[in-house]
Amino acid sequence: ILKRALEADISTIKGAIAGHSERVAEERSQLSKALEADLQNVNSLIADHTNRLVQDRSTLSQALQDDLQNVNGIMADHQNRLVQD
Numbered sequence: 042i043l044k045r046a047l048e049a050d051i052s053t054i055k056g057a058i059a060g061h062s063e064r065v066a067e068e069r070s071q072l073s074k075a076l077e078a079d080l081q082n083v084n085s086l087i088a089d090h091t092n093r094l095v096q097d098r099s100t101l102s103q104a105l106q107d108d109l110q111n112v113n114g115i116m117a118d119h120q121n122r123l124v125q126d
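In my numbering, the protein residues as written are 42 to 126.
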């Protein structure tokens, strides 16, 4: 009787462990999928931010070139006036 009860307990424990292992595997799979989705979102955000930085840098570079041309024009006008005076 004791042997059968012990075997039944062991069988119950094995079943509980198997069920728990399956749940852990399913949860791990769900967490893995969620992590992959989060990483894709982060990568997308980084790519968007990088693109904006490139565009902003280009805009600032063009503005600086325009400003330098204006300064050069003002200096040339000023030099011409000095030469004429």
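Every residue, glycine too, gets a C-beta built ideally from N, C-alpha and C.
Computed from a prediction, not measured in an experiment: that's the story for all the values here.
Worksheet item: On the three-state DSSP scale, how would you describe residue 115?
Response: helix
Discussion item. Please report the straight-line C-alpha distance between residue 76 and residue 57, rounded to a whole angstrom.
Written reply: 28 Å
Discussion item. Please report the straight-line C-alpha distance between residue 111 and residue 105, rounded to a whole angstrom.
Written reply: 10 Å
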